[in-house]
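Worksheet: one structure, shown below.
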Amino acid sequence: MSSDELITHIKHLYHTYRHTSDIDRKGLFFSKTCLQICRPTPSYAATTRNEIVQYLKDAQKGRVPVESSSSVTDENPETLKDTIEKEATKTKGKDAYTIRPLKPSEFEFGKPEHTAPVGLTVGELEELARREEWIGMRVDLWQERGQDNSLLVKVQYWWRREKVPEDEQFEGESDGFGWRQCLHDIMYLGPKDGTEGEEGLEVRE
Numbered sequence: 080m081s082s083d084e085l086i087t088h089i090k091h092l093y094h095t096y097r098h099t100s101d102i103d104r105k106g107l108f109f110s111k112t113c114l115q116i117c118r119p120t121p122s123y124a125a126t127t128r129n130e131i132v133q134y135l136k137d138a139q140k141g142r143v144p145v146e147s148s149s150s151v152t153d154e155n156p157e158t159l160k161d162t163i164e165k166e167a168t169k170t171k172g173k174d175a176y177t178i179r180p181l182k183p184s185e186f187e188f189g190k191p192e193h194t195a196p197v198g199l200t201v202g203e204l205e206e207l208a209r210r211e212e213w214i215g216m217r218v219d220l221w222q223e224r225g226q227d228n229s230l231l232v233k234v235q236y237w238w239r240r241e242k243v244p245e246d247e248q249f250e251g252e253s254d255g256f257g258w259r260q261c262l263h264d265i266m267y268l269g270p271k272d273g274t275e276g277e278e279g280l281e282v283r284e
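See below:
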């Protein structure tokens with residue numbers, strides 16, 4: 080598989096993941112040892128697929144740790160949290176996202192306080208990514224509902240090719256290996272701030 084074909088394949092995997100409604104089924108797109116680090120809120124970390132699946136179930140109910148953006152609002156974090164939870168109960172608008180390969184300068188994992196909750200140093204995480212030949216993509220996600228405080232999430236997702244149990248394989252993975260999400264590096268988690276879609280990338284649903 081060429082480099083371009085691999086990027087296309089990973090984009091397809093992500094699109095399929097996005098359109099999988101059952102959250103437990105979504106978990107099959109993650110490695111069992113998928114990690115999560117969160118730069119705005121380091122405690123919002125995970126070291127297993129099951130933990131991340133639970134976070135997704137919480138997020139579906141609006142329970143996410145949001146950060147303030149001074150360019151958008153002067154509300155305090157608790158007020159913002161309440162706003163996000165209320166938004167989750169409303170009729171949802173159209174989900175939108177952009178996705179692109181990471182730039183060479185984006186091959187980094189933040190500061191020690193970001194990686195410590197998953198039991199690794201920044202250097203150890205970088206070495207792991209090189210050794211296992213991870214592929215990184217930048218994804219921005221939001222809802223297109225005009226000017227509101229709905230959630231905007233900016234994530235650097237990382238994939239690796241690994242052995243997959245037979246009952247978790249997707250179509251075309253007959254050799255027993257597949258590309259799975261192995262790290263979610265959350266860069267921003269808060270209200271829409273006007274930067275969504277600003278890179279001129281194709282906006283997908």
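Converting from the sequence shown to the numbering used here requires adding 79 to each position, the first position being numbered 1.
We put the CB at the ideal spot given by N, CA and C, even for glycine.
1) DSSP beta-bridge partners for G106?
2) In the DSSP assignment, the beta strand (DSSP E) including A175 goes from what residue to what residue?
3) Taking the alpha-carbon positions, what's the Q115 to G273 distance?
4) Quick check: D219 and E275, are their CB atoms within less than 8 Å of each other?
5) Any beta-carbon of chain C closer than 8 Å to the one on E281?
6) Considering only residues of the same chain and omitting the five flanking positions on each side of I131, which have a CB-CB separation below 8 Å?
7) Name the residue from R118, H88, S122 and R128 whose alpha carbon lies nearest to the alpha carbon of D103.
8) Quick one, which of I178, E277 and I214 has its alpha-carbon nearest R97's?
9) Which of helix, strand or coil does DSSP assign to R239?
10) Under 8 Å: do the segment 238-247 and the segment 190-198 share three or more Cβ pairs, one atom per stretch?
11) State the Cα-Cα distance for the pair M213 and A175, rounded to the nearest angstrom.
12) Anyone know if the C-beta pair for W258 and W238 falls short of 8 Å?
13) Could you pull out every unbroken beta strand (DSSP E) segment of at least 3 residues lying fully inside the segment 230-275, listed in chain order?
In terms of the structure at hand:
1) In the DSSP output, where bridge partners are listed per residue, G106 has none listed.
2) K173 to P180
3) 25 Å
4) yes
5) Absence of chain C from the displayed structure is noted, only one protein chain being present.
6) G106, F109, C113, Q115, A125 and H263
7) R128
8) I178
9) strand
10) no
11) It should be noted that the sequence gives Trp, not Met, for residue 213. Whole-angstrom Cα-Cα distance: 25 Å.
12) yes
13) 230-242 and 256-270
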